[in-house]
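To start, the structure under review is shown below, and the notes come after it.
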Amino acid sequence: MELTKRFGADRFARALESWAWLPLDGLTPRFTSLFGNVFLAGGDGSWWFLDTFDGELLRPWNTHADLAAELDTEDGRDAYLMAALAIGAHHRRGLTLDDDQVYTYIPPPVVTGSFAVDEIQVFDFVVAVNLAGQLHEQLRQKGPGFTVTGFELAD
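When you line the sequence shown up against full-length UniProt numbering, it's residues 1 to 155, in that order.
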């Protein structure tokens with residue numbers, strides 16, 4: 001089972017619009033996990049990871065070789081590609097993805113605290129990643145106890 005997806009530059013741009021509060025300038029999105037976590041290449045050869053579940057931008061790899069080596073391990077696949085959850089969604093729940101779709105949680109784990117396979121949904125990549133960015137931005141600005149008031153996604 002393939003655990004990554006690729007999208008065109010226009011789809012990445014739309015998906016990442018709501019993540020402008022993170023320092024994404026100079027980073028080029030290259031591929032995603034099946035859950036829409038984005039792997040980005042830096043101009044210096046480094047590789048970055050946009051964790052759409054935790055709302056964090058991380059720089060775990062200095063080179064593409066470092067990235068490839070980590071994703072070649074079971075721990076790396078589970079940590080960054082969420083392999084066990086993706087395989088569970090596909091094989092146990094029968095969820096399949098079209099070219100423009102990813103797995104996601106509605107409501108997301110940052111709200112529920114749950115990563116149960118039974119709560120995984122199929123969603124459009126742009127919508128899922130953009131809404132995750134909006135949610136994390138609102139939570140970051142407002143802090144604990146804040147109630148999300150809404151989301152926007154322009155045509």
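Every residue, glycine too, gets a C-beta built ideally from N, C-alpha and C. Only a predicted model underlies this, so the values are computations on that prediction, with no experimental measurement involved.
query, result
"Classification of Pro108 by the beta-carbon crowding that lies within 10 angstroms, buried from 16 upward", "buried"
"As assigned by DSSP and simplified to three states, the class of Pro23", "coil"
"Option in Val127, Leu58, Ser33 and Phe53 with minimal Cα separation from Gly42", "Leu58"
"Local conformation of Ile106 per DSSP, three classes", "coil"
"Integer-rounded CB distance, given that Tyr105 should sit under 8 Å from Ala86", "Their Cβ separation, rounded to whole angstroms, is 13 Å, which puts Ala86 and Tyr105 out of contact at 8 Å."
"Counted within 10 angstroms of its Cβ, other Cβ atoms place Gln141 as buried (16 or more) or exposed", "exposed"
"Where Ala116 sits in the DSSP three-state scheme", "coil"
"Ala22 vs Asn37 beta-carbon contact at 8 Å", "First, the amino acid is wrong: residue 22 is Leu here, not Ala. No, they are not a contact pair."
"Burial state of Met82 (16 or more Cβ within 10 Å)", "buried"
"Straight-line gap, Gly45 to Thr28 (C-alpha atoms, nearest Å)", "11 Å"
"When Gly76, Phe53 and Asp54 are compared against Pro60, the one with the closest alpha-carbon", "Gly76"
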